[in-house]
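**Student:** Residue numbers (my numbering): 1259 to 1553.
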Ligand code: GUN
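#1: Please return the same chain residues whose Cβ sits closer than 7 Å to the Cβ of residue 1381, not counting the five positions on each side in sequence.
#2: For residue 1416, does the count of other Cβ atoms within 10 angstroms reach 16, so buried, or fall short, so exposed?
#3: With distances taken from CA atoms, which of 1316, 1545 and 1519 is nearest residue 1384?
#4: Determine the direct distance from the alpha carbon of residue 1288 to that of residue 1325, and round the result to whole angstroms.
#5: Is residue 1266 closer than 8 Å to residue 1529 when the C-beta atoms are compared?
#6: Since residue 1368 is in the beta strand (DSSP E), which residue starts that stretch and which ends it?
#7: So the alpha helix (DSSP H) residue 1513 belongs to, where does it begin and stop?
#8: Tell me whether residue 1471, by its Cβ, gets closer than 7 Å to a heavy atom of the ligand GUN.
#9: Given this structure, state the Cα-to-Cα distance separating residue 1469 from residue 1375, to the nearest angstrom.
#10: Under 7 Å from any heavy atom of the ligand GUN, does the C-beta of residue 1354 make it?
#11: To the nearest angstrom, report how far apart residue 1540 and residue 1269 are at their CA atoms.
#12: May I ask which residues mark the beginning and end of the beta strand (DSSP E) holding residue 1502?
#13: How should residue 1366 be labelled, buried or exposed, when 16 other C-beta atoms within 10 angstroms of its C-beta is the threshold for buried?
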């Protein structure tokens, strides 16, 4: 079998077109959704993510305000920016680009963000509400994965989904959402991680296999059941002297070999990646609607 390619870039474009239509409608009522972004330090990968977010906002009609602080910024300075965003009426969503240079500050910074503006879905209130199946902002990458499945007509209802990776940002929210009694859930879910003993035995049982590990070649062809759906969340930089930047992006999955066996697969780049920013925009637009209608 040769897998159908699940084109995250095209799905992201469809969603962005829908968002653009919604922001145009909102504009007629004088509402422009706004996103506040804080970047601390000058990590090149983080900087390029922030630039991509800025462009994406522009594309769909979301106002964005970026604040850059040096890596030496104090905890207090960082919290002050978050509080400024919390208080600003034009800002509907707040994103603090992670990792922070001092990762010990991250939790308190996240908890300072007003949960009504937590479009990343990282605040404990958002995580708790998600866990309970209550309306909230879903974390962007897991939300993007669910949208790829839904918009590609892949049924999760009754499927056995195996997730590799237990991060708070991807693996654990995915397990939670996919197991919920809901349209995008109703799956039987197995969570695998670094201490899992019989990884291949478990992954071979998956109707849908999701890898969110951050290590190339984590998923090889012999770990995949015939006709399974494979979702690759990993984005890894691997050295490539022939590439312009000296590296290229590779997922967690051995794409060529697995694509011979799976029924559908997301590529890297162009799979889950473009969905993450798109769902951030979707959450920001949703926040603007909520903030202007529930007052
Ligand atoms: N760094 C890598 N991914 C993310 C994300 O989804 N949100 C934030 N804030 N930082 C990130």
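Beta carbons are placed, not taken as given, at the ideal position from N, Cα and C, and that holds for glycine.
**Tutor:** This is what the structure gives:
#1: Excluding positions up to five away in sequence, the list reads 1368, 1369, 1371 and 1373.
#2: Per the 10 Å Cβ criterion, exposed.
#3: The shortest C-alpha separation from residue 1384 is found at 1545.
#4: Approximately 25 Å between the Cα atoms of the pair.
#5: A Cβ-Cβ contact shorter than 8 Å links residue 1529 with residue 1266.
#6: No beta strand (DSSP E) contains residue 1368, which is instead part of the alpha helix (DSSP H) from 1364-1370.
#7: From DSSP, the alpha helix (DSSP H) with residue 1513 extends over 1513-1517.
#8: No, the ligand GUN has no heavy atom inside 7 Å of this Cβ.
#9: If you take the alpha carbons of residue 1469 and residue 1375, they lie about 29 Å apart.
#10: Yes, the ligand GUN has a heavy atom inside 7 Å of this Cβ.
#11: Answer to the nearest angstrom: the Cα atoms are 13 Å apart.
#12: Run containing residue 1502: none; DSSP gives neither H nor E here.
#13: Exposed.
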